[in-house]
Each structure stands twice: as C-alpha cells, then as structure tokens.
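J.: Each residue of the sequence shown is one higher than the last, beginning at 7 in our numbering.
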Amino acid sequence: MLVALLAGAPRWASPTLPALRHRCTASSAADSVCLIDSHNLAYRMHFGMRPLTGPSGEPVHAVLGFCNKLVQLRTLFPNHLMLAAFDTGKSEARTEMLAEYKGTRVSMPNDLSTQMRLIHEATHAFGVPSVGVLGYEADDIIATCVHKARKHDFAAVSVVSTDKDLLQLVSRSGTTPNVTVYDDRRKLLIDAARVKELHGVEAHQIVDYLALVGDNSDNVPGVPGVGPKSAAKFLLEHGDLEAVLGAAPTMRKSKRQQALVDFAETARLAQRLVTLQYDVPGVPELHEPWVQTPFAELPDLQPFLQAHGFAQLERRLFGVAAGKFRKLESGG
7 MLVALLAGAP
17 RWASPTLPAL
27 RHRCTASSAA
37 DSVCLIDSHN
47 LAYRMHFGMR
57 PLTGPSGEPV
67 HAVLGFCNKL
77 VQLRTLFPNH
87 LMLAAFDTGK
97 SEARTEMLAE
107 YKGTRVSMPN
117 DLSTQMRLIH
127 EATHAFGVPS
137 VGVLGYEADD
147 IIATCVHKAR
157 KHDFAAVSVV
167 STDKDLLQLV
177 SRSGTTPNVT
187 VYDDRRKLLI
197 DAARVKELHG
207 VEAHQIVDYL
217 ALVGDNSDNV
227 PGVPGVGPKS
237 AAKFLLEHGD
247 LEAVLGAAPT
257 MRKSKRQQAL
267 VDFAETARLA
277 QRLVTLQYDV
287 PGVPELHEPW
297 VQTPFAELPD
307 LQPFLQAHGF
317 AQLERRLFGV
327 AAGKFRKLES
337 GG
C-alpha cells in the first residue's frame, strides 16, 4: 500500500461571480473545507487552454490553467482548508468487480502526462496539500475526506469537480456539514435542491440513478433502454434501486420492463461500482495547518511562477514587474 502526500440560458444559468462568491463564502471559517478533484481539473485545463510552452520548451498550458483555477478557488472559498486529491490509477476494488471498468478510456495524452509533475508542484507552491493513494481514485479520497469532515463536525464541504459520481456526497438540506459540489466549468454550486433540479432525483438517489442509466465515461453498464428521465421516474415512484427491481416483474409489459428484469444483476453491479468508498487508508485528518496562507507568505510560489514563465500571473499575485520570462498567457 503506497500513500503519497504530494507536493437561452437554462434554468441553472450561472450566477454572476460576486453572487457566487457570496454563496460560497457563507461558511468561511477554518471549519470549512474545499476538496479538489485534481485529475478532473487537470484534464479540463489541458483541453480548455491553448497550447503554451515554458522557458525550457516544455508544455505548461494545463499547469497555468490549474494555477489560475487555484487562485479563483481561494477567492471563492476564503479561509477554507484545501486539499487536492489525485488519481494514482484505476480502483483495484472496482477492477476486481468488473475487468472492463474504465476500459474504454484512452491513455492520458503525453503532453498532459508530462505536466502532472508540475501540477503536483503547483499545489505545493500554493500551499495546498495533495494526496494520492495507490489503488484508489481521487473520488474515493474525496469521499473519505467528507466522512472525516462529518466526524469532526465541520460546517461546510465544497467539492470542486464536474464528475456526476460526486453528487452522491451532497448533503440533505439542513444537515451538517453542508456538502455541495462546485462545477467550476459552469460556475454552478450544486446543493441538494440543484441535484433534484438537474437530475430529477435526490442526492442520496444518485448512486441508484447511475446504476440504472450507467456511466459511459467509466464504462459502467446500466439497464438497456433506461435513460435519465425513466430512471428518475422509477426512483420517484419506488424510492431506490432494489424497490425498482423488485417491482419490475409486475410492471406493465414493455421492452424497458423486460430489461429491468433481465439486467437486474447488471444494475446491482453498477450500483457497487459507482458507490464511493469512505475508508481510504492513509488519508490524513483535516487540520488547522491547511488554512490558506497569503500568497506573499508562500516561499515557493513566486520562484515556481518565475521558473515556468508565468509572468502575468506573478504580476497579478505579487504586483511586481514582469519576471525573467515574458509569455502571452491566458486564464483558466
């Protein structure tokens, strides 16, 4: 076991940044935590940023996008404890359940793979602890941190990701901690009410919802013919997956009804695959030293920005003249 502690607008149209900041900072004491799905973010920065090379000719566009996003998250979640969770490969437990788990995913692009080391270094430079545990996914590390936050009576947890799997962590309204997911791509803070608005189910039903519809991104099978609307309808009527499957034999005859009968075990397997683990070994406790440090007091930050030619970001954070390397930069 290796534990690495590493350096026509729709109804959910994005609010303005000041309005979103107000919502995110409602709980801004040290008993609030921001958890970053780092591989999810790195991939989006890689494909969302135009190519950029550093002083040595290496690609750095994903690194720059990641750094810009860390700055934005510190603004949105001031005084929160912060943690960056990283994948270290496929989940061993899920691969044992289904050999084809994530089997349709292509390998990480070479020019992103070469930037992952620098992204780890960036989290260290920004004073954000990063954690990866061999045999476990970042989602499971995040779920374990949410469990620890509940155990230690944290007030709020914000998970930064666009991954639907993580919506299962969203807390019921009025419970503590208040667990939300921040979709930074859409500038959307997703609470229990927004989960229901987006998917037609309660947050605690997300696992069963995904078990019915499947998850193509992870090669998790669902029930053929059951899409988002029908899955939400079944769960609204019956409550949970087992109740849906138990009622299937007596439903009105149709292809979808027969699929529920024929693929019941497939749905149960999918349910186990999408359920996050809350007991990843070696994940550290959430503690006070992770409170954000002012940029000027981070000893490795300015040298890191200078080393990779991020002059514009350096000026933005330190108010200094352009560094040694001047590059045309774009935000994340």
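Even for Gly, the Cβ is constructed at its ideal location relative to N, Cα and C.
Below 8 Å, can you find three or more Cβ-Cβ pairs linking the segment 276-295 to the segment 113-124?
T.: no
J.: Excluding five sequence neighbours on each side, which residues of the same chain lie with their C-beta closer than 6 Å to the C-beta of L304?
T.: Taking the sequence shown and counting its residues from 1, the one referred to as residue 304 is at position 298. Excluding positions up to five away in sequence, the list reads G133.
J.: Just how far apart, CA to CA, sit G60 and P135?
T.: Translated into the one-based positions of the sequence shown, residue 60 becomes position 54. Translated into the one-based positions of the sequence shown, residue 135 becomes position 129. Going by the C-alpha atoms only, they are around 24 Å apart.
J.: My output table needs one value for F324: the three-state DSSP class, helix, strand or coil.
T.: Your numbering for residue 324 matches position 318 in the sequence shown. F324 falls in the helix class under three-state DSSP.
J.: If you drop the 5 nearest sequence neighbours on each side, which residues of the same chain put their C-beta closer than 8 Å to that of H52?
T.: Position 46 of the sequence shown, counted from the first residue, corresponds to residue 52. The answer, listed in chain order, is H67, A68, G71, P115, D117, L118, Q121.
J.: Take the Cβ of G315 as the centre, count every other Cβ of all protein chains shown within 10 Å, and call the residue buried at 16 or more, exposed below.
T.: Numbered from 1 along the sequence shown, position 309 holds the residue referred to as residue 315. G315 comes out buried.
J.: Would you say L172 and D93 are within 9 Å of each other, going by their C-beta atoms?
T.: Counted from its first residue, the sequence shown places residue 172 at position 166. Counted from its first residue, the sequence shown places residue 93 at position 87. No, they are not a contact pair.
J.: Does L319 pass the burial test, meaning 16 or more other C-beta atoms within 10 Å, or should it be called exposed?
T.: Taking the first residue of the sequence shown as 1, we reach residue 319 at position 313. That one is buried.
J.: How many angstroms separate the CA atom of F310 from the CA atom of D268?
T.: As a position in the sequence shown, residue 310 is number 304, starting the count at 1. As a position in the sequence shown, residue 268 is number 262, starting the count at 1. Each residue's alpha carbon lies about 56 Å from the other.
J.: Around the C-beta of E98, are 16 or more other C-beta atoms found within 10 angstroms, so that it is buried, or is it exposed?
T.: Residue 98 sits at position 92 when you count from the first residue of the sequence shown. Exposed, by the Cβ-count rule.
J.: State the CB to CB distance for the pair S167 and V187, rounded to an integer number of angstroms; the pair is presumed to be in contact (CB under 8 Å).
T.: Position 161 of the sequence shown, counted from the start, is the residue given in the question as residue 167. Position 181 of the sequence shown, counted from the start, is the residue given in the question as residue 187. Correct: roughly 6 Å between the Cβ atoms.
J.: So, are the CB atoms of L279 and M103 less than 9 Å apart?
T.: The residue you call residue 279 lines up with position 273 of the sequence shown. The residue you call residue 103 lines up with position 97 of the sequence shown. Against a cut-off of 9 Å, the Cβ pair of M103 and L279 comes out as a contact.
J.: Opposite C40 in the DSSP bridges: which residues?
T.: As a working mapping, residue 40 is identified with position 34 in the sequence shown. For C40, which the question treats as bridged, DSSP gives the partners M88, S164.
J.: With DSSP run on the structure shown, which of helix, strand or coil describes T186?
T.: As a working note, residue 186 is residue 180 in the sequence shown. In this structure, T186 counts as strand in the three-state DSSP scheme.
J.: What's the gap between the Cα of G220 and the Cα of L275?
T.: For this step, residue 220 is matched to residue 214 along the sequence shown. For this step, residue 275 is matched to residue 269 along the sequence shown. Their Cα atoms are separated by approximately 10 Å.
J.: DSSP state of V267, grouped into three classes?
T.: On the sequence shown, residue 267 is found 261 positions in, with the first residue counted as 1. Reduced to three states, the DSSP call for V267 is helix.
J.: Are R156 and P183 close, meaning C-beta to C-beta below 9 Å?
T.: For the purposes of this step, residue 156 is taken as the residue at position 150 of the sequence shown. For the purposes of this step, residue 183 is taken as the residue at position 177 of the sequence shown. Their beta carbons are under 9 Å apart, which means R156 touches P183 by this criterion.
J.: If distances are taken between C-alpha atoms only, which option among L89, D224, R56 comes closest to H293?
T.: Numbered from its first residue, the sequence shown carries residue 293 at position 287. Cα-wise, what sits closest to H293 is L89.
J.: At what residues does the beta strand (DSSP E) containing S136 begin and finish?
T.: If you number the sequence shown from 1, residue 136 lands on position 130. Per DSSP, S136 belongs to the beta strand (DSSP E) from 136-139.
J.: So, do the segment 237-247 and the segment 191-211 have three or more beta carbon pairs nearer to each other than 8 Å?
T.: yes
J.: Quick one: what does DSSP say V226 is sitting in, helix, strand or coil?
T.: What you label residue 226 is simply residue 220 of the sequence shown in a count that begins at 1. V226: strand per DSSP, three-state reduction.
J.: Which same chain residues, not among the five before or five after A91, have their C-beta less than 7 Å away from its C-beta?
T.: By one-based count along the sequence shown, residue 91 stands at place 85. Answer for A91: L41, I42, D43, S44, V137, A144, I147, I148, listed in chain order.
J.: Check the DSSP bridge columns for P65 and list the partner residues they point to.
T.: Taking the sequence shown and counting its residues from 1, the one referred to as residue 65 is at position 59. Partner(s): T59.
J.: Go ahead and label H158 buried or exposed: buried means 16 or more other beta carbons lie within 10 angstroms of its beta carbon, across all protein chains shown.
T.: Within the sequence shown, residue 158 is the residue found at index 152, counting from 1. Exposed, because fewer than 16 other Cβ atoms sit within 10 Å of the Cβ of H158.
J.: By alpha-carbon positions, which one of F324, L241, G228 ends up nearest to Y107?
T.: Along the sequence shown, read from residue 1 onward, the residue named residue 107 stands at position 101. In terms of Cα proximity to Y107, the closest of F324, L241, G228 is G228.
J.: Would K170 be called buried (16 or more neighbouring beta carbons within 10 Å of its own) or exposed?
T.: Counting from 1 along the sequence shown, the entry for residue 170 is found at position 164. By the 10 Å Cβ count, K170 comes out buried.
J.: Who does D221 pair with in a DSSP beta bridge?
T.: By one-based count along the sequence shown, residue 221 stands at place 215. Bridge partners of D221: V226.
J.: Distance, Cα to Cα, A302 vs A105?
T.: Your numbering for residue 302 matches position 296 in the sequence shown. Your numbering for residue 105 matches position 99 in the sequence shown. Distance between the alpha carbons of A302 and A105 is about 48 Å.
J.: Going by CA-CA distance only, name the one from Y215, P234, K261, H86 that's closest to P300.
T.: Start at 1 with the first residue of the sequence shown, and residue 300 comes out as number 294. Comparing Cα-Cα distances from P300 to each of Y215, P234, K261, H86, the minimum goes to H86.
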